[in-house]
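Participant:
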Amino acid sequence: MNVDLLLIFAFVLTVCLIVFPFAFTIHRRTVEHEERKLELKARIEEAKASRSNADVEAHRKLEERVRVLERIATDSNHALASQIEQLRDLHEMDAISEKREIAR
């Protein structure tokens, strides 16, 4: 009877030595995969947030230009030339900042 129990124990031990490392490897790969998925989701959210901030900034600039154009349309002609020059300066500043962003 002791020999039979010893053989059964050896068989169970052998099966455990084969199954546990395999299960551990699968579990580790699953955890790493989940971590990568979460990291990608975080990067996507960061990209959305930065894109949203850029959209808000572009919208603010457009609103500012529309206000200036409205003032130009309603003001007298002697102030018209100075307003146009201010718009040109704004356009040049935007072009410079866009070049800097592209360079990054």
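When we follow numbering that gives the first Met the number 0, the leftmost residue of the sequence shown carries the number 0, and every step to the right adds one.
We put the CB at the ideal spot given by N, CA and C, even for glycine.
1. Expressed to the nearest angstrom, what Euclidean distance is found between the alpha-carbon atoms of residue 1 and residue 10?
2. Out of curiosity, what's the CA-to-CA distance linking residue 101 and residue 38?
3. Looking at residue 86 and residue 66, is the spacing between their C-beta atoms short of 8 Å?
4. Compare the beta carbon distance of residue 88 and residue 60 with 8 Å and say whether it is the shorter of the two.
Facilitator: Taking the coordinates as given:
1. The straight-line gap from Cα to Cα measures roughly 14 Å.
2. Between the alpha carbons of residue 101 and residue 38 lies a distance of about 26 Å.
3. Cβ distance not < 8 Å, so residue 66 and residue 86 don't count as in contact.
4. No, Cβ-Cβ distance for residue 88 and residue 60 is not below 8 Å.
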